[in-house]
Amino acid sequence: MKVAIIGGTGRAGTEISAELARRGHQVTAISRHPENAVKVDGVTAVARDVQHTDALVEAIKGHDVVVSAVMFSDTDPTSLVGVVRDSGVPRYLVVGGAGSLEVAPGVALITTPEFPEAYKAEAGKGADFLTYLRGVDDIDWTFLSPSAYFFVGDRKGSFRLGKDELLADADGNSSISYADYAIALVDEIETPKHSKARFTVGY
1 MKVAIIGGTG RAGTEISAEL ARRGHQVTAI SRHPENAVKV DGVTAVARDV
51 QHTDALVEAI KGHDVVVSAV MFSDTDPTSL VGVVRDSGVP RYLVVGGAGS
101 LEVAPGVALI TTPEFPEAYK AEAGKGADFL TYLRGVDDID WTFLSPSAYF
151 FVGDRKGSFR LGKDELLADA DGNSSISYAD YAIALVDEIE TPKHSKARFT
201 VGY
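FYI, full-length UniProt numbering numbers position 101 of the sequence shown as 101, with every residue one higher than the one before it.
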């Protein structure tokens with residue numbers, strides 16, 4: 001497939017690019033800093049700014065899938081969904097956040113006392129983005145939330161999937177590496193199972 005990644009040179013975008021290329025897909029890594037794109041066959045870096053929507057539409061036209069891997073604080077759902085809609089690309093996957101995952105029925109992680117203050121603004125924007133997507137019915141979207149600790153680490157290839165509840169191990173740790181997150185997201189691209197839904201991945 002041809003996959004465009006908006007934010008293709010960040011930590012998530014780089015791992016997703018590499019995973020897609022590893023499986024033989026063609027990737028367009030879109031960012032303000034194309035020089036930071038992963039240097040592997042199958043990945044083409046393109047310079048665009050998410051604020052310049054017309055140019056972004058042109059950059060993603062003709063792809064099979066668009067992945068959004070940008071900080072929620074740097075854009076808004078109305079703009080990004082509008083770009084995808086105007087491009088005619090049929091599928092849209094979003095690198096989500098963990099803040100909106102539930103730690104108990106009706107209790108989001110972001111509302112717990114342990115949630116770091118420094119991440120609340122971004123997490124709140126991520127929750128708003130998901131709420132917006134849940135009202136979109138003319139695009140085939142998927143929102144993949146990582147676990148609470150999203151880190152640079154090894155590609156293990158083993159993890160668990162969930163829906164709206166935070167995943168944690170027997171010791172209460174909730175984590176996933178960017179590399180294993182990328183596997184879960186590319187699996188979803190290749191074999192869609194969460195159309196117009198959020199799901200999560202963790203160890």
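For glycine and all other residues, C-beta sits at the position ideal for the given N, C-alpha and C.
Residue 33 burial status per 10 Å Cβ neighbour count (16 or more: buried): Label assigned to residue 33: exposed.
Where does residue 134 land, buried or exposed, given buried means 16+ other C-beta within 10 angstroms? With fewer than 16 other Cβ atoms within 10 Å, it is exposed.
Straight-line gap, residue 59 to residue 76 (C-alpha atoms, nearest Å): Cα atoms of residue 59 and residue 76: separation of roughly 19 angstroms, rounded to the nearest angstrom.
For residue 15, which residues from the same chain have a beta carbon less than 6 angstroms from its beta carbon, with the 5 sequence-adjacent residues on both sides left out? Counting only Cβ-Cβ distances below 6 angstroms, and skipping sequence neighbours, we find 178, 179, 182.
Ordered list of beta strand (DSSP E) runs contained in the segment 98-128, each at least 3 residues: Correct list: 102-104.
Helix, strand or coil at residue 54 according to DSSP, with G and I counted as helix: Looking at residue 54 - three-state DSSP - the assignment turns out to be helix.
Cut-off 6 angstroms between Cβ atoms - residues of its own chain near residue 113, not counting five sequence neighbours on either side: Only residues of its own chain outside the window of five on either side were considered, and among them none has a CB closer than 6 angstroms to the CB of residue 113.
So residue 65 and residue 144 are in contact, right, with Cβ under 8 angstroms, and what is the actual spacing, rounded? Between residue 65 and residue 144 the beta-carbon gap is near 13 angstroms, outside 8 angstroms, which marks them as no contact.
Exposure label - residue 24; buried when at least 16 CB within 10 Å: Taking a 10 Å sphere around the C-beta of residue 24, we find fewer than 16 other C-beta atoms and assign the residue as exposed.
Same chain only: Cβ atoms within 6 angstroms of residue 38, ignoring 5 sequence neighbours per side: Here the set comprises 14, 17, 18.
Report the start-end ranges of each beta strand (DSSP E) in the segment 139-198 that is 3 residues or longer and not cut off at the edges. Taking only runs of at least 3 residues, the beta strand (DSSP E) segments lying wholly in the segment 139-198 are 140-145, 149-151, 160-162, 175-177.
Contact check, residue 89 vs residue 56, beta carbons under 8 angstroms: It is not a contact, given that the beta carbons lie outside the stated cut-off.
From residue 70 to residue 163, what distance separates their C-alpha atoms? Between the alpha carbons of residue 70 and residue 163 lies a gap of roughly 22 angstroms.
Beta-carbon contacts of residue 119 that lie in its chain and below 8 angstroms, excluding the five residues immediately before and after: Cβ within range, chain order: 99.
Would DSSP call residue 81 helix, strand or coil? Of the three classes helix, strand and coil, the one that applies to residue 81 here is helix, per DSSP.
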